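Trainee: 18 is the number of the first residue of the sequence shown in full-length UniProt numbering; add one for each residue after it.
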Amino acid sequence: QLTGDEQAFQQRIDEGIRIEPKDWMPEPYRKTLIRQISQHAHSEIVGMLPEGNWITRAPTLKRKAILLAKVQDEAGHGLYLYSAAETLGVSRDELVGDLHSGKAKYSSIFNYPTLTWADIGMIGWLVDGSAIINQIPLCRCSYGPYARAMVRVCKEESFHQRQGYDLLIQMCLHGTQAQKDMCQEALNRWWWPALMMFGPSDADSPNSAQSMQWRIKLFSNDELRQKMVDQTVPQAEYLGLKVPDPDLKWNKDQGHYDFGEIDWDEFYAVIKGNGPCNRERLAARVNAHKEGQWVREAFSAYANKHESEQAV
Ligand code: 3HC
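Shown next, in the form of structure tokens:
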């Protein structure tokens, strides 16, 4: 039974009125936003690692510059999202501590290795492609700071997706057979993990019902996953690549592709910390944070000195 405040709150949500940091909100609404926004931010920051691996090994200066710009964007997305989470009354240190202790999640997709240059194309095309599909609706979610952060993020994501697909066009349509084979081998590794990004099936999604009622989630996990498959299969065909799913078939009655079953054991193993690169990714994050300690100390020393001078 909702209290008066909760009824008034739900009515604002139903009328599409944005909730702002100083507005009254039910504690569970605040908590689920902190959970989702902070994990989204962690995903952006950890997401820099797989691609960072290839900045020094990009095949041309142009590709190096593009990849540098993209990885730098991801850092910015992370900072944007940590700031949006801080409007809900949590500190950056607390959020980062939860990531480093393993308490907080980040997107499963970043626990896979980037073995060849074609992986960089796959990440742009499939991972950022999925991220766009997931993030466009978030531009209209009920929490103001999150929705506004998403507008800027989505603009940059389209560059990320475009550069990845352009890289694959280069290799598949204007490259050697060996380069095309490299892309097919990469697609075989990245296709299913990219579909897992959208989360468990709707029937197994504990947060969806409440998040949809609060208009944090505007479309279900399966709806967005289906949109990703429908949009991406023709793009794979254009590249002359074969999607690694024997059950993939256009269903003309439905106007969608039917596709095979996701390996949910793999999904849950990865989000439990047992994916191919989980330990490496977390160790890299913990290490980077430790190495950055002196910068944080210098900033606060400067701020304190500045403050004491002003106080005089
Ligand atoms: N990886 C890791 N954990 C996942 C996951 C995934 N792919 N999908 C779901 N989960 C977790 C959820 O966080 C939840 O665990 P929690 O309660 O401890 O947080 C649990 O599995 C059950 O999932 P639900 O569907 O019930 O959870 P949500 O309603 O939160 O839906 C979500 C999951 C769709 C990922 C939603 O949180 C969301 O839309 N988040 C914002 C977008 C986001 O985080 N995207 C990640 C990729 S960011 C990215 O790719 C950046 C790009 O620039 C490369």
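Yeah, the Cβ is synthetic: ideal placement off N, Cα and C, and Gly gets one too.
As the structure is a prediction and not an experimental result, all values here were calculated from the model.
1. Which first and last residues belong to the beta strand (DSSP E) in which N268 is found?
2. Could you name each continuous alpha helix (DSSP H) segment of 4 residues or more that falls completely within the region 170–228, going from the start of the chain to the end?
3. For Y160, list the residues DSSP reports as bridge partners.
4. Taking 7 Å as the cut-off, is the beta-carbon of P261 closer than that to any non-hydrogen atom of the ligand 3HC?
5. Give me the Cα-Cα distance between H273 and T249, rounded to the nearest whole angstrom.
6. Considering D247, what are the terminal residues of the alpha helix (DSSP H) in which it resides?
7. Sorted by chain position, which residues of the same chain lie with C-beta nearer than 7 Å to G290's C-beta, five sequence neighbours on each side aside?
8. Cβ of I288 versus every heavy atom of the ligand 3HC: is any distance shorter than 7 Å?
9. Cα-Cα, which of A135, Y129, D262, F316 is closest to F284?
10. Quick check on this structure: which residue in Q252, K48, A101, R302 has the alpha carbon closest to the alpha carbon of Y182?
11. On the three-state DSSP scale, how would you describe Y123?
12. Where do the ends of the beta strand (DSSP E) carrying Y274 lie?
13. Check V107 in the structure and name its three-state DSSP category.
14. Using 8 Å as the threshold, is the C-beta distance between L241 and I149 below it?
15. Measure the C-alpha to C-alpha separation of F215 and S147 and round it to an integer number of angstroms.
16. To the nearest angstrom, how far is it from the Cα of W246 to the Cα of D40?
17. Could you give the residue range of the alpha helix (DSSP H) that holds P45?
18. Could you have a look at Y285 and say whether DSSP puts it in helix, strand or coil?
19. Rounding to the nearest angstrom, what Cα-Cα distance links C171 and C156 in this structure?
20. Measuring alpha carbon to alpha carbon, tell me which residue in W267, R296, N295, D262 is nearest D280.
Mentor: Checking against the coordinates, here is how it stands:
1. Here the beta strand (DSSP E) through N268 covers 266–268.
2. DSSP runs (the alpha helix (DSSP H)) wholly in the region 170–228: 194–213.
3. Checking the DSSP bridge columns, you'll see Y160 partnered with I36.
4. No; taking the cut-off as 7 Å, the Cβ of P261 has no heavy atom of the ligand 3HC nearer than that.
5. Distance from the CA of H273 to the CA of T249, rounded to the nearest whole angstrom, comes to 12 Å.
6. If you look at D247, you'll find it in the alpha helix (DSSP H) that goes 238–256.
7. Correct list, in chain order: G119.
8. Annotation for I288 indicates a beta carbon within 7 Å of some heavy atom of the ligand 3HC.
9. Of A135, Y129, D262, F316, the residue nearest in Cα terms is Y129.
10. It is Q252.
11. The three-state secondary structure of Y123, taken from DSSP, is coil.
12. Element bounds for Y274: 273–275.
13. If DSSP states are grouped into helix, strand and coil, V107 belongs with coil.
14. Taking 8 Å as the Cβ cut-off, L241 and I149 do not qualify as a contacting pair.
15. Going by the C-alpha atoms only, they are around 8 Å apart.
16. Here residue 246 is Val; the residue named in the question, Trp, does not match the sequence. Rounded to the nearest angstrom, the two C-alpha atoms are 38 Å apart.
17. First-last of the alpha helix (DSSP H) with P45: 44–63.
18. For Y285, the secondary structure class from DSSP, reduced to helix, strand or coil, is helix.
19. Cα to Cα, C171 sits roughly 8 Å from C156.
20. Of W267, R296, N295, D262, the residue nearest in Cα terms is D262.
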